[in-house]
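Protein chains: 2
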Amino acid sequence: MKNNNVTIHDISKALEIDSSTVSRALNNSPRVSQKTKDKIISKANELGYQRNSLASKLRTNKTHSIGVIVPRISRHFFSSAIAGIEETAYDAGYDVIICQSLDDYEREKKLMNTMLSNRVDGVLISISMKTTEHDHFKEYQKQGLPILFFDRPCALANSTNVIIDDFKIGKEVTEHLIEQGCKDIVHFSGPQTSQLYQQRTKGFKAALEKHQLPFREEYVFESSLMKEDGIEMAKKILALPKVDGVVSSNDTSAISAMQHLKENGIRIPQDIAFVGFSNEPVSAVFEPSLTTVKQPDFEMGKIAASLLFEQIKSEGNLRINQTKILEPELIIRNSSRKKS
Amino acid sequence: MKNNNVTIHDISKALEIDSSTVSRALNNSPRVSQKTKDKIISKANELGYQRNSLASKLRTNKTHSIGVIVPRISRHFFSSAIAGIEETAYDAGYDVIICQSLDDYEREKKLMNTMLSNRVDGVLISISMKTTEHDHFKEYQKQGLPILFFDRPCALANSTNVIIDDFKIGKEVTEHLIEQGCKDIVHFSGPQTSQLYQQRTKGFKAALEKHQLPFREEYVFESSLMKEDGIEMAKKILALPKVDGVVSSNDTSAISAMQHLKENGIRIPQDIAFVGFSNEPVSAVFEPSLTTVKQPDFEMGKIAASLLFEQIKSEGNLRINQTKILEPELIIRNSSRKKS
DNA sequence: TTTAAAAATACAATCGATTGTATTTTGTTT
DNA sequence: AAACAAAATACAATCGATTGTATTTTTAAA
């Protein structure tokens, strides 16, 4: 099976028109007359011409593509954010290269290199939970390319963050439980290496303090917030003297914990009230339905992408050290309704 | 912010070594002495050299990247399949370009063009439900590139399909309900333009016939199987004289239908038993937990990718008109357990 | 018709890496 | 030290499209 790619030179030869004119015609340049444009375009169709974007990108040094790196595309939040990114990119005429870091630092590093060697025009990234060091981003920035962090903030200089106020919402959900009468609240935290989880935990603490409730280290469980972690944490709860509420940093672990607790005769929300985080589809359907925080996922993708395009277009003449904070929404469902 | 990409020519100048030697050194060619290789590599690191893969790909006409097109990455089945594809690709040293067709034919067509102009080495695709015409695939094949369909088969000549036997499993799930004592079974079908749904429906029909149950057109609902469709279909069920079972072609619509029916006092599985399809995470957590079919998602991705790589390597000297059939697994849960 | 201006097209260099061929350097053998 | 093979390196063309400059053709004005 031979490689029968048609090039502008084939068109050029077939019509005896210089390839530069062919190129201009195909790019609808005003320097080519309509008559020749028509001839060239119809010949291009006839031969099944497909522009070689590699060549084009090489020459122009503009790839019209951006890279997106997320921990996992299977997470509802990320796939929605990606949908938002794609919509914006599509309108702007950009291709999107989607990659998963699987929350692995080495992989994230390798992906940043792939981005560089594919000469994307910019990168949108939600960094891996294990990333504590930023050299791979600095390396990338050295090439003069913009990088923008969304959802999971990064304290890298000259970069933009699009996030929600995790402190504020962490405090808010905790206060919601307190209002429902909870006094002994456990907190499921993600890795404290991540700013995001740090902030949520701080918010949790702040809410307790505000309402003169004690903050106890042994009531804070740190984990990767996976399904299995939820079960482990449920067991820990059963071992604690008194628990009447749980503030979880995600839905996944909250639900598996609830499931385990239910199996052990705990009633939710009567005995223990729960709030999660992320509004995974499953949280609406679980019984009891899980109170959670809906992050503006799709919207965040759109905003992050358009900010990145702004930066790409400005070619570095823009103040890029900014943080955009979006508003999440607390969705109150049955898992936290102690009072009616 | 200037573009300070380092090229092999920069290294070449700095060391006064010809760029061809630099290139060979960086590719670890045996034609370059170890001594110069060392010199070149250390200089490359010093300057922060990053290979420009665009140039490389252009020259070699091998991109070492494949395209993946799926309807939506947010669907659990697809994100798992993609994980499998990525794992295999990663091992084979290939980049993966992931795109969503959003089940839109025009978009799919455009994406195939993007694939072509980005000169991918091959494409893995699960076609959009709205695709009935295959010219965009033929156009692609003309360039001598391999295309492989997974999950949703396509009757295109010279192409490989990696699928499950939808007829067989469609029959199997229906028989499962019949064994549980169901006699008046409704079928939620997807668009009959898709071979996949056609086959499942045929399997449904075959099971009824085998057990001498009547097949009634009015017991088959065709829709896009979205959440809202599930609610609509639940309403239709309530309007039917007698229904004691539902065979749904996906979980999403099954669950929203069950939810609506529960709200209307129908007990599941006692009054109506349900089986779904896809094993979405939510189906294990819903109450009652939903009997469903687990497709070998991750595995399917791995197999599809490795078949594609075989074809890429063989450069067309391979019989490619094959169909690989994988075995799905019926997961029996509470939604269909009438007998214990 | 001549001539200048404008429009259309052609020429040629370039993006960065690769690779077949040519040349130089090194090493071995007598 | 000469002669030759082998090893290492240099030269130069190439992938396909783009783009600044030069040239030709067309149009319009004098």
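Order-wise, the sequence lines are chains A and B.
Here the first sequence is numbered in numbering that gives the first Met the number 0, starting from 0 and rising by one per residue.
Here the second sequence is numbered in numbering that gives the first Met the number 0, starting from 0 and rising by one per residue.
Glycine is no exception: its CB is placed at the ideal position from the N, C-alpha and C atoms.
Values in this document were obtained by computation on a predicted structure and should not be read as measured data.
| Asked | Found |
| --- | --- |
| Could you confirm whether any beta carbon from chain A is found closer than 9 Å to the beta carbon of GLN211 (chain B)? | no |
| Listed in chain order, which residues of the region 66-93 of chain B have Cβ atoms closer than 8 Å to some Cβ of chain A? | ARG71, ILE72, SER73, HIS75, SER78, SER79, ILE81, ALA82 and GLU85 |
| Using C-beta distances below 7 Å, list every residue in its chain close to LYS38 (chain B), excluding the 5 sequence neighbours before and after it, in chain order. | LEU14 |
| Nearest by alpha-carbon distance to ASP250 (chain B): which of B:MET225, B:ILE265 and B:ALA233 is it? | B:MET225 |
| Counting C-beta neighbours from all protein chains within 10 Å, is the total for ARG74 (chain B) 16 or more, i.e. buried, or is it exposed? | buried |
| May I ask you to list the residues that DSSP assigns as paired with VAL185 (chain A)? | A:VAL245 |
| Anything in the region 45-65 of chain A with a Cβ closer than 9 Å to a Cβ of chain B? List those residues in chain order, please. | GLY47, GLN49, ARG50, ASN51, SER52, LEU53, ALA54, SER55, LYS56, LEU57, ASN60, THR62 and SER64 |
| In this structure, how does DSSP classify VAL122 (chain A) when only helix, strand and coil are distinguished? | strand |
| Could you spell out where the beta strand (DSSP E) holding THR159 (chain B) opens and where it closes? | 159-163 |
| By the DSSP assignment, the alpha helix (DSSP H) with LEU306 (chain A) in it spans what residues? | 296-313 |
| Throw me the rounded Cβ distance for the SER100 (chain A) and GLU107 (chain A) pair, which I believe falls under 8 Å. | 4 Å |
| Inspect the CB distances between the region 122-133 of chain B and the region 58-66 of chain B and report whether three or more fall short of 8 Å. | yes |
| Less than 6 Å between C-beta atoms, sequence neighbours within five positions excluded: which residues of the same chain meet that for HIS186 (chain B)? | PHE203, VAL219 and VAL246 |
| As a quick exercise: from B:MET114, B:ALA256 and B:ASN44, pick the residue whose alpha carbon is nearest that of ILE230 (chain B). | B:ALA256 |
| Would you decide whether LEU147 (chain A) is buried or exposed? Buried here means 16 or more other CB atoms lie within 10 Å of its CB. | buried |
| Would you mind stating whether ASP165 (chain B) and GLY244 (chain B) have Cβ atoms separated by less than 9 Å? | no |
| Could you tell me the distance, in whole angstroms, from the CA atom of ILE324 (chain A) to the CA atom of THR20 (chain A)? | 48 Å |
| Have a look at A:GLY189, A:SER335 and A:HIS175 and flag the residue whose alpha-carbon is nearest the alpha-carbon of ALA206 (chain A). | A:HIS175 |
| Taking its Cβ as the centre, do 16 or more other Cβ atoms sit within 10 Å of THR290 (chain A), making it buried, or is it exposed? | buried |
| Roughly how many whole angstroms lie between the Cα atoms of GLY300 (chain A) and LEU306 (chain A)? | 10 Å |
| So, GLY189 (chain A) versus SER223 (chain A), is the Cβ gap smaller than 9 Å? | yes |
| Using the Cα positions of MET128 (chain B) and ILE331 (chain B), report the straight-line distance between them to the nearest angstrom. | 28 Å |
| Please classify GLY143 (chain A): is it buried, with 16 or more other beta-carbons within 10 angstroms of its beta-carbon, or exposed? | exposed |
| Chain B beta carbons: is any one of them nearer than 9 Å to that of HIS12 (chain A)? | According to the sequence displayed, residue 12 (chain A) carries Lys and not His. No, its Cβ sits nowhere closer than 9 Å to a Cβ of chain B. |
| Using 10 angstroms around the beta-carbon of SER334 (chain B), count the other beta-carbons present and answer buried if the total reaches 16, otherwise exposed. | buried |
| Just the C-alpha distance for PRO287 (chain B) and PRO268 (chain B), rounded to the nearest angstrom, thanks. | 8 Å |
| In the DSSP output, which residue or residues are listed as bridge partners for LEU272 (chain A)? | Here the sequence assigns Ala to residue 272 (chain A), which means Leu is not the residue at that position. In the DSSP output, where bridge partners are listed per residue, ALA272 (chain A) has A:GLY244. |
| Can you give the Cα-Cα distance for PRO295 (chain A) and LYS141 (chain A), rounded to whole angstroms? | 31 Å |
| Please report whether the beta-carbon of ILE146 (chain A) lies at a distance below 9 Å from any beta-carbon of chain B. | no |
| May I ask you to report which of helix, strand or coil DSSP gives LYS1 (chain B)? | Caution is warranted here: a pLDDT of 47 is assigned to LYS1 (chain B), below 50, making its placement in the model unreliable, and no coordinate value can be reported. |
| Measure the C-alpha to C-alpha separation of VAL242 (chain A) and ILE236 (chain A) and round it to an integer number of angstroms. | 7 Å |
| Given a cut-off of 9 Å, decide if VAL292 (chain A) and VAL281 (chain A) are closer than it, judged by their beta-carbon atoms. | no |
| Pick out whichever of B:GLU326, B:GLN310, B:GLU328 and B:VAL172 has its Cα sitting closest to the Cα of ASN320 (chain B). | B:GLN310 |
| Spell out the partners DSSP gives PHE149 (chain A) in its beta bridges. | A:VAL161 |
| Along chain A, which residues have their Cβ under 7 Å away from the Cβ of PHE285 (chain B)? | VAL284 |
| Give the residues of chain A in contact with GLN99 (chain B), contact being defined as C-beta atoms less than 7 Å apart. | GLU85 |
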